[in-house]
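K.L.:
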Amino acid sequence: MKGNKNIKILLPVVIVIWGFLIYKIVDAFSSESIDIAKTQKANFKPPKGIQKDTFSLVPVETDPFLGTVYAKSKPTTQNANSPHKPKNEKQWPSIGYFGIVADKKFTSSVYIVSINGQQFLLKKGDTLQKLKIIKGSEENIFIRYEGQTKEFPIM
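Sequential numbering of the sequence shown, starting at 0, is according to numbering that gives the first Met the number 0.
1) With a cut-off of 8 Å on the beta carbons, I'd call Ile153 and Tyr96 a contact; round off their distance for me.
2) Cutting at 8 Å between CB atoms, please list the residues of its own chain near Gly98, excluding the five before and the five after it.
3) In angstroms, rounded to a whole number, what distance separates the CA positions of Leu121 and Glu145?
4) So Ser107 packs on Gly135, CB below 8 Å; how close in whole Å?
5) Mapping DSSP to helix, strand and coil, what is Leu130?
6) Based on the DSSP secondary-structure assignment, which residues constitute the bridge partners of Pro92?
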């Protein structure tokens, strides 16, 4: 008798749950279209005449916390007679060093070098556009150009 009472209560609950699941599945596959609210064009007008707030910075002459006075630095000027570059310095092409590709023992290394915007893979001793790879490491590379040697750090 006791099991019979449980069946009388649980059977309708199971039927309702299964009925709800079947209804949801059938409803999901139905081809009826859902009415979507039609939107109207909004008449948006940007605000006119927004003025930017301007300000200027005043040079600080004293430390506001310590009260000490800052010393004014004099701008350095160069003589008109002094040249910017030594006359024997050549115009180098634009060079960038991007890294090294090597095996675990560093027995053969290939350097990734950008010359005038083009990337090249060069080994030690290779010459390209009068540029010769002297030596290199993971941090920098040494390149000789028309008798002058420069160091280029990794970018």
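No residue lacks a Cβ here, since even glycine has one placed at the ideal position from N, Cα and C.
P.N.:
With the given structure in hand:
1) 5 Å
2) Tyr110, Ile111, Glu137, Ile153
3) 18 Å
4) Actually they are not in contact, since the Cβ atoms of Ser107 and Gly135 sit about 12 Å apart, beyond 8 Å.
5) strand
6) Pro92 pairs with nothing; no bridge assigned.
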